[in-house]
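Quick notes on the structure that follows.
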Amino acid sequence: DRMWHYVEGIKNYAPVWAKHGIRILPGPSSVWLDATGKRLPVPLFPGFDSLGTLEHILSTGHDYSWFILTQKIIEKEFALSGSEQNPDLTGKSIRELLKQRLGKGATEPVEAFKEKGDDFIVADTLDEIIAGMRNLAPDVELDEERVREEVEARDREFTNTFAKDSQVNAIRQARNYLGDKLIRVARPHRILDPKAGPLIAVKLHILTRKSLGGIETNLDSQAIGTDGQPIPGLYAAGEASGFGGGGVHGYRSLEGTFLGGCLFSGRQAGRAIARDLGWNP
338 DRMWHYVEGI KNYAPVWAKH GIRILPGPSS VWLDATGKRL PVPLFPGFDS LGTLEHILST
398 GHDYSWFILT QKIIEKEFAL SGSEQNPDLT GKSIRELLKQ RLGKGATEPV EAFKEKGDDF
458 IVADTLDEII AGMRNLAPDV ELDEERVREE VEARDREFTN TFAKDSQVNA IRQARNYLGD
518 KLIRVARPHR ILDPKAGPLI AVKLHILTRK SLGGIETNLD SQAIGTDGQP IPGLYAAGEA
578 SGFGGGGVHG YRSLEGTFLG GCLFSGRQAG RAIARDLGWN P
């Protein structure tokens, strides 16, 4: 539990190193199925709970899962993690940003993965999608009828104003926020609506992304040696010390939620160094 894993990993069609994966940052609308075709339980929807979803997927005895979605969903709800996958942001181009995020179609990097990626299946019918899923993962028996039932059951709830499907309600709720409505959450529609097609299936791998470890320190940010004593003159703060405290912001804290611990450990290190050097600010 000192590693951070993502469950929306896909193989990089142009890898920089062996087994190079890219993470999908998904919106809430895709149908999420396990390796056998069962829908993931509430509240394990796309973009909701990485660790909870990881635990559930591994409990099935398999190490991958599936998204089933539409072209309309991928256009608005798929983003990819990594600077090379977001040239509009890394290039600091407002024009390119508006073109990519508000223009028609998915972003160019997403479309490239859809066209070239090994994990993507694109077809006009659910039968073709299921056949493609079986071909892509022949060693695990995919329950065709279960897949069909899961997709059709979700679709039925979109015709009900008082839907009982928690994912459908979450999608509708997300669109109450203008920012998500404009650039992040697709207009609610049935997966099997031909106007929203073609259909897309994506095989999702578990992606190892971050280590949550670091140099052990005391409360003065002094590095602790193998004998349990501070190492003279050596301090660690922020990311080097495990982002400033193991679990101080909760078990599911990550990235920006570590900021408080980073600031605290940096301040403690500065104060301790000043004290040890005899400075009196």
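Residue numbers for the sequence shown follow my numbering, beginning at 338 and rising by one.
Beta carbons: idealized from backbone N, C-alpha and C, even for Gly.
If you drop the 5 nearest sequence neighbours on each side, which residues of the same chain put their C-beta closer than 8 angstroms to that of V488?
-> Taking the sequence shown and counting its residues from 1, one reaches residue 488 at position 151. So the list reads V368, I405, L463, I528 and L529, once near-sequence residues are dropped.
Flag this pair as touching only if the region 435-451 and the region 399-417 have three or more C-beta atom pairs under 8 angstroms; answer yes or no.
-> yes
Which word fits V379, buried or exposed, when buried means at least 16 other C-beta atoms lie within 10 angstroms of its C-beta?
-> Working through the sequence shown from its first residue, we reach residue 379 at position 42. Under this definition V379 is an exposed residue.
With a Cβ-Cβ cutoff of 9 angstroms, do D456 and G534 count as a contact?
-> By one-based count along the sequence shown, residue 456 stands at place 119. By one-based count along the sequence shown, residue 534 stands at place 197. In this structure, G534 does not lie closer than 9 angstroms to D456 by Cβ.
Residue nearest to Q605 in terms of C-alpha spacing, selected from D557, G598 and Q566 = Working through the sequence shown from its first residue, we reach residue 605 at position 268. Ranking D557, G598 and Q566 by Cα distance to Q605 puts D557 first.
Between which two residues does the alpha helix (DSSP H) harbouring P446 extend?
-> The count along the sequence shown starts at 1 and reaches residue 446 at position 109. Unbroken alpha helix (DSSP H) run through P446: E445 to K453.
How do the region 348-365 and the region 378-392 stand: do at least 3 beta-carbon pairs fall below 8 angstroms, yes or no?
-> yes
With a Cβ-Cβ cutoff of 9 angstroms, do Y350 and S418 count as a contact?
-> One-based indexing of the sequence shown puts residue 350 at position 13. One-based indexing of the sequence shown puts residue 418 at position 81. For Y350 and S418, no; Cβs fall outside 9 angstroms.
Just the Cα atoms here: how many angstroms apart are R376 and L479?
-> Against the sequence shown, residue 376 aligns to sequence position 39. Against the sequence shown, residue 479 aligns to sequence position 142. Cα to Cα, R376 sits roughly 12 angstroms from L479.
Which whole-angstrom value is the C-beta distance of G358 and G346, which I expect to be below 8 angstroms?
-> Here residue 358 corresponds to residue number 21 of the sequence shown, with the count starting at 1. Here residue 346 corresponds to residue number 9 of the sequence shown, with the count starting at 1. Right, their Cβ atoms sit about 4 angstroms apart.
Which first and last residues belong to the alpha helix (DSSP H) in which L519 is found?
-> Counting from 1 along the sequence shown, the entry for residue 519 is found at position 182. First-last of the alpha helix (DSSP H) with L519: L515 to I520.
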